[in-house]
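Working notes for the structure below.
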Amino acid sequence: MLKKHKMSNGVDKTIKTTAPAGIVIKQKVRFGKPCIKGTRIAITDILNLLQSGYNIADVPKQYPGITVANAKMALRYAARVLGKEEILEINPN
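Residue 1 is where the sequence shown starts when you use this note's numbering, and the numbers rise one by one after that.
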């Protein structure tokens with residue numbers, strides 16, 4: 001999937017991402033942040049929870065509707081995106 005972003009310097013960039021079936025990216029949901037399908041919980045919400053000291057088993061307690069499997073999927077997705085993300089500049093001409 002190619003996703004167009006307006007960068008802070010005003011330049012349009014396209015970011016190529018491939019989201020697994022359980023993760024959706026919709027411009028009108030959380031401003032296009034990748035979310036767990038069927039929720040408005042962004043992958044970054046799960047990452048921030050884990051970063052603040054919670055363990056993966058705590059995620060469903062903090063975000064009802066999210067399973068441990070969802071949280072693991074979010075971690076795999078984040079690792080893959082950070083490891084393989086391509087940023088391509090769009091030529092406005």
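No residue lacks a Cβ here, since even glycine has one placed at the ideal position from N, Cα and C.
These numbers come from a predicted model, not from an experiment.
Secondary structure of Ile36, DSSP reduced to three states: Reading the sequence shown from its first residue, position 36 is the one you call residue 36. Ile36 sits in a strand when the DSSP states are folded into three classes.
Where the alpha helix (DSSP H) containing Thr44 begins and where it ends: In the sequence shown, residue 44 corresponds to position 44, counting from 1. 43 to 51 is the span of the alpha helix (DSSP H), which, as asked, contains Thr44.
Nearest-angstrom Cα separation, counted from Gly53 out to Lys28: In the sequence shown, residue 28 corresponds to position 28, counting from 1. In the sequence shown, residue 53 corresponds to position 53, counting from 1. When only Cα atoms are considered, Lys28 and Gly53 end up about 30 Å apart.
Per-residue DSSP class, three states only, for Val24: The count along the sequence shown starts at 1 and reaches residue 24 at position 24. In this structure, Val24 counts as strand in the three-state DSSP scheme.
Buried or exposed (CB count within 10 angstroms, at least 16 for buried), Ala42: The residue labelled residue 42 in the question sits at position 42 within the sequence shown. Buried, since its Cβ has 16 or more Cβ neighbours within 10 Å.
Residue environment, Val68, which counts as buried when at least 16 other CB atoms sit within 10 Å: Translated into the one-based positions of the sequence shown, residue 68 becomes position 68. Val68 comes out exposed.
The alpha helix (DSSP H) enclosing Val29, as first and last residue numbers: Looking up residue 29 in the sequence shown gives position 29. Per DSSP, Val29 belongs to no alpha helix (DSSP H) and is neither H nor E.
Own chain, CB closer than 8 Å to Cys35, minus 5 neighbours either side, in chain order: As a working mapping, residue 35 is identified with position 35 in the sequence shown. Apart from the 5 residues on each side of it in sequence, Cys35 sits with its Cβ closer than 8 Å to the Cβ of Ile23, Val24, Ile25, Lys26, Val29, Ile41, Ala42, Ile43 in its chain, given in chain order.
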